[in-house]
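Going left to right, the sequence shown walks through residues 1 to 327 as UniProt numbering numbers them. The block underneath contains the structure these notes are about, expressed in structure tokens.
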Amino acid sequence: MRVYEILKEYQIQPRHLEKIGKVYKVFSRNNVFALKETEVTKGKNLFSIYPFLYHKGFYRFVPLYPAKNGQYMILRDQKLYYLMPWLGSESRPVETNHARKMFRELARLHLLTSQEMEMDQTNIEDHFERTSGQWNKEMQYLDSWIELCEQKWYMSPFEWEFVQYYHEFQKAYEYALRTLKIWKDTMLESKKIRTVLLHGKVSLDHFVFDDKGYGYFINFDESRIGSSYQDLLPFLSNTLSTYPMNGEDCMEWLNIYMKHYPLKETELLLMKSYLAHPGFMIRLLNRYQTRVAPNHELKYTKKIQQAYWKLKNIENIIMKLEMQTES
Numbered sequence: 001m002r003v004y005e006i007l008k009e010y011q012i013q014p015r016h017l018e019k020i021g022k023v024y025k026v027f028s029r030n031n032v033f034a035l036k037e038t039e040v041t042k043g044k045n046l047f048s049i050y051p052f053l054y055h056k057g058f059y060r061f062v063p064l065y066p067a068k069n070g071q072y073m074i075l076r077d078q079k080l081y082y083l084m085p086w087l088g089s090e091s092r093p094v095e096t097n098h099a100r101k102m103f104r105e106l107a108r109l110h111l112l113t114s115q116e117m118e119m120d121q122t123n124i125e126d127h128f129e130r131t132s133g134q135w136n137k138e139m140q141y142l143d144s145w146i147e148l149c150e151q152k153w154y155m156s157p158f159e160w161e162f163v164q165y166y167h168e169f170q171k172a173y174e175y176a177l178r179t180l181k182i183w184k185d186t187m188l189e190s191k192k193i194r195t196v197l198l199h200g201k202v203s204l205d206h207f208v209f210d211d212k213g214y215g216y217f218i219n220f221d222e223s224r225i226g227s228s229y230q231d232l233l234p235f236l237s238n239t240l241s242t243y244p245m246n247g248e249d250c251m252e253w254l255n256i257y258m259k260h261y262p263l264k265e266t267e268l269l270l271m272k273s274y275l276a277h278p279g280f281m282i283r284l285l286n287r288y289q290t291r292v293a294p295n296h297e298l299k300y301t302k303k304i305q306q307a308y309w310k311l312k313n314i315e316n317i318i319m320k321l322e323m324q325t326e327s
């Protein structure tokens, strides 16, 4: 078995293996390890990311073990493997406290790796024109959908739900575009942006704890240089994809993050614009049109209800952020 051959390179004799996704939980006589499999293209980043984090003074990540030849990664059949100590969910605190600690450390990661740079007028305007152009096309797509639905004598349950929600999604697009315009105007005055090292795949599963309760990031496979919102938005979007919620937890996490890494006005504007953008509705409409399953209508009627809940959850967070900005 390939895994046993790889573990020989680390001089480990496993007594038991458990495969969890792309990670092997390795039990040896005295220790428990995590052997991670990743794509070669993603693994290449790790060669530079870990030394970079050490240099910047950020140590809250699970270290890699070297193989007997001194290398930190083993190549087999176009896959890279690396070994870490196992820090598992049995040490995880309650979920809300888990997220608080994760957002604090994410802010520290961004703070320690932050760099300010100039962004010229052409790039600012290009970003605005490209993004607003795409969003306007999506709004036109929504408009074409509502016209088709309203022309029908009989609408399907999915289409009926869409008609009920259409104006709310339209308002979300209008807010996103309006905020993006304010971002552009503000950026043209400052012409400065900050880049950070992104974790790349922020989730509670990728922030683990040792037996003393200290939290550490794992899975930097998709780490890269970018803007801080690129780490924040995917996590928030996933969290808000649920039943209607008051958003207090999300706001607490964001405030913890911004206490340790205050966002500039332009960064907050861009984050609010992208958070408000309801592109998930366009993707849902496209999937609905390619329906094949016998119970497709029922499934997608539930999905559009869930999309509406997500929209309202996001709207709630946006309103709270706006109130904080005004106060």
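Backbone N, C-alpha and C fix where the C-beta goes; we use that ideal spot for every residue, glycine too.
| Check | Outcome |
| --- | --- |
| Below 7 Å CB to CB, which residues in the same chain sit around LYS299 once its five sequence neighbours on both sides are set aside? | ALA293 |
| Take GLU18 and list the residues in its own chain whose beta-carbon comes closer than 6 Å to its own, dropping the five residues that flank it on each side. | LYS25 |
| May I ask you to report which of helix, strand or coil DSSP gives LYS19? | strand |
| Does the distance from the C-beta atom of PHE47 to that of MET73 stay below 9 Å? | yes |
| When DSSP builds the beta bridges, which residues end up paired with GLU37? | TYR81 |
| Can you give me the C-alpha to C-alpha distance between LEU269 and MET187, rounded to a whole angstrom? | 10 Å |
| Count the C-beta pairs between the segment 152-170 and the segment 250-261 that are closer than 8 Å, then say yes if the count reaches three, no if not. | no |
| Quick check on MET117: buried or exposed, where buried means 16 or more other Cβ atoms within 10 Å of its Cβ? | exposed |
| Per DSSP, what kind of secondary structure is GLU222 in: helix, strand or coil? | coil |
| Between the segment 62-77 and the segment 230-238, can you find at least three pairs of beta-carbon atoms closer than 8 Å? | no |
| Can you tell me where the alpha helix (DSSP H) with LYS303 in it begins and where it stops? | 296-326 |
| Have a look at TYR59, GLU138, LYS310 and VAL23 and flag the residue whose alpha-carbon is nearest the alpha-carbon of LEU106. | TYR59 |
| Identify whether SER91 lies in helix, strand or coil by the three-state DSSP scheme. | Because the pLDDT of SER91 is 49, which lies under 50, any placement of that residue in the model is unreliable, and the number read from its coordinates should be weighed accordingly. Of the three classes helix, strand and coil, the one that applies to SER91 here is helix, per DSSP. |
| Do you know how far the Cα of GLN115 is from the Cα of ARG194? | 5 Å |
| Using a Cβ-Cβ cutoff of less than 6 Å, which residues in the same chain neighbour GLN13 once the five nearest sequence positions on both sides are dropped? | none |
| Measure how close the beta-carbons of LYS36 and MET84 come, nearest whole angstrom, since I'm counting them as under 8 Å. | 7 Å |
| Less than 8 Å between C-beta atoms, sequence neighbours within five positions excluded: which residues of the same chain meet that for ARG2? | ARG76 and ASP77 |
| Can you check DSSP and say which residues form a bridge with ILE74? | TYR81 |
| Is it buried or exposed, ILE20, if we count other Cβ atoms within 10 angstroms and call 16 or more buried? | exposed |
| Strictly by DSSP, which residues pair up with ARG194? | GLU116 |
| Short check: CB of ILE256 to CB of ARG104, under 9 Å? | yes |
| Could you pull out every residue in the same chain whose Cβ sits closer than 6 Å to the Cβ of MET271, ignoring the five residues on either side in sequence? | TYR229 |
| What whole-angstrom Cβ distance do HIS142 and TYR175 have, given they're in contact under 8 Å? | Correcting the residue identity first, residue 142 is Leu in this sequence and not His. Incorrect: roughly 14 Å between the Cβ atoms, too far for contact. |
| Please report the distance separating the alpha-carbon of GLN71 from that of SER227. | 31 Å |
| What does DSSP give as the partner residue(s) for GLY215 in the beta ladder? | PHE209 |
| Apart from the five residues just before and just after LEU204, which ones in its own chain have a Cβ nearer than 6 Å to its Cβ? | HIS98 |
| Quick one: residues in its chain with C-beta nearer than 8 Å to the C-beta of ILE318, no 5 flanking neighbours on either side, listed in chain order? | TYR175, LYS272, LEU275 and ALA276 |
| Distance check for ARG15 and GLU5, CA to CA, integer angstroms please. | 14 Å |
| If contacts are defined as beta-carbon pairs under 8 Å, then LYS192 and MET119 qualify, I think. What distance do you get, rounded to the angstrom? | 7 Å |
| Among GLU39, LYS302 and LEU284, which has the Cα closest to the Cα of PHE169? | LEU284 |
| Let me check understanding here. Comparing Cα to Cα, which of ASN238, TYR214, PHE220 and LEU177 lies closest to THR38? | PHE220 |
| With a threshold of 8 Å, are at least 3 pairs of Cβ atoms found where one atom belongs to the segment 60-70 and the other to the segment 123-130? | no |
| For residue 379, name the three-state secondary structure that DSSP assigns. | As displayed, the chain neither begins before 1 nor continues past 327, which places residue 379 out of reach and without an answer. |
| Rounding to the nearest angstrom, what Cα-Cα distance links VAL94 and ASN136 in this structure? | Here the model assigns VAL94 a pLDDT of 49, short of 50, so the residue's position is not dependable, and the following value carries that caveat. In a straight line, the C-alpha of VAL94 is about 42 Å away from that of ASN136. |
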